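Notes for the one structure printed next.
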Amino acid sequence: MSQPHRKLTGRVVIATHNAGKLREMRELLAPYGIEAVSAGELGLGEPDETGDTFIANAQIKAEAAAQAARLPAFADDSGLCVDALGGDPGLYSARWAREAGDFPAAMANVHELMHAKGAISGAQRRAHFVSALAIAWPDGHLETFEGKVFGAIVWPPRGDLGFGYDPFFQPDGHARTFGEMSAQEKHGIPADGSQALSHRARAFQSLAKACLG
Ligand code: IMP
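Each step along the sequence shown adds one to the number in our numbering, with nothing skipped, and position 173 is 175.
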């Protein structure tokens with residue numbers, strides 16, 4: 003039998019040192035009356051992301067922050083998985099961008115690798131974004147959630163909204179890339195309870211249903 007979910011109340015540590023993620027997570031949690039402090043504000047370190055899944059890495063970050071702060075902690079891990087590259091850059095999406103120098107260079111590298119594999123059109127251009135979210139409590143309780151969005155890699159990249167690999171990815175059922183969509187369209191949580199679009203918003207919808215409100 004599965005364990006009941008645990009509700010999140012009061013104060014939570016957001017286990018990220020990334021200002022953009024912190025802002026987005028604070029915005030998502032605010033309507034539920036959750037007060038968010040960041041790992042950076044508490045002076046917590048950053049653990050090595052040694053997991054071999056998105057969930058495992060989110061868990062490592064959440065558990066490290068929960069133990070250090072003695073508060074519930076919320077963490078995420080995410081990436082872009084390209085079918086023609088066996089799921090790369092996947093867990094290493096941020097690292098590929100760091101090593102390439104910037105996101106335009108990282109997208110060009112991914113495009114070139116896809117081209118070398120003959121992944122030029124249609125079904126060969128399939129990809130998906132994944133977001134894993136974890137909440138860890140100081141007593142060891144853990145909740146994890148995952149959201150995905152499927153679509154296609156486009157070349158050249160289009161749009162200058164959003165961040166990261168957004169201009170490179172067109173979600174199924176849409177004629178525009180994430181880079182051409184407003185934050186509300188990409189990350190917004192629909193008030194009517196229908197499914198959100200982005201991987202992160204979808205993971206958050208599952209988390210909210212189980213652990214908030
Ligand atoms: P991490 O979750 O901090 O390990 O980083 C994930 C990597 O995937 C970063 O390089 C992000 O820019 C990229 N990524 C994750 N989600 C998105 C998204 O919604 N749009 C564009 N890039 C993303």
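Here a beta-carbon is modelled for each residue, glycine too, at the ideal position from N, C-alpha and C.
Note that the coordinates shown come from a computational prediction; the quantities given were computed from them, not determined experimentally.
Just to check, is the beta-carbon of residue i closer than 6 Å to a non-hydrogen atom of the ligand IMP?
i, result
"Asp174", "no"
"Ser40", "no"
"Ser196", "no"
"Asp141", "no"
"Gly124", "no"
"Ser80", "yes"
"Ser184", "no"
"Ala60", "no"
"Ala64", "no"
"Ala17", "no"
"Leu107", "Here residue 107 is Ala; the residue named in the question, Leu, does not match the sequence. It does not: the Cβ of Ala107 is nowhere closer than 6 Å to a heavy atom of the ligand IMP."
"Ala102", "no"
Does the separation of the CB atoms of residue i and residue j fall below 7 Å?
i, j, result
"Ser40", "Ser80", "no"
"Gly149", "Arg100", "no"
"Pro49", "Ile137", "no"
"Ala64", "Ala21", "no"
"Lys171", "Gly153", "Here residue 171 is Phe; the residue named in the question, Lys, does not match the sequence. Against a cut-off of 7 Å, the Cβ pair of Gly153 and Phe171 comes out as a contact."
"Arg178", "Pro169", "no"
"Leu46", "Leu214", "no"
"Leu135", "Asp78", "yes"
"Phe56", "Val14", "no"
"Leu163", "Gly181", "yes"
Over the uninterrupted beta strand (DSSP E) stretch that includes residue i, give me the two end residues.
i, result
"Lys150", "144-155"
"Ser95", "No beta strand (DSSP E) contains Ser95, which is instead part of the alpha helix (DSSP H) from 95-102."
"Ala185", "No beta strand (DSSP E) holds Ala185; the alpha helix (DSSP H) holding it covers 185-189."
"Glu37", "37-40"
"Ile137", "128-138"
"Arg13", "13-16"
Is it the case that the CB of residue i approaches a heavy atom of the ligand NAD more closely than 6 Å?
i, result
"Tyr167", "As for the ligand NAD, it is missing from this structure, which binds only the ligand IMP."
I'd like the span of the alpha helix (DSSP H) that includes residue i, first residue to last.
i, result
"Phe171", "Here Phe171 belongs to no alpha helix (DSSP H); instead the beta strand (DSSP E) covers 171-173."
"Ser208", "201-213"
"Gln29", "Note that residue 29 is Glu in the sequence shown, not Gln. Start and end: 21-31."
Since residue i contacts residue j with CB under 8 Å, what's their CB separation in whole angstroms?
i, j, result
"Glu145", "His19", "So it is not a contact: roughly 22 Å between Cβ atoms."
"Leu199", "Pro158", "Not a contact, Cβ separation roughly 22 Å."
"Met116", "Leu87", "7 Å"
"His201", "Val151", "5 Å"
Ranges of the alpha helix (DSSP H) found wholly within the region 45-105, counting only runs of at least 4 | 56-71, 95-102
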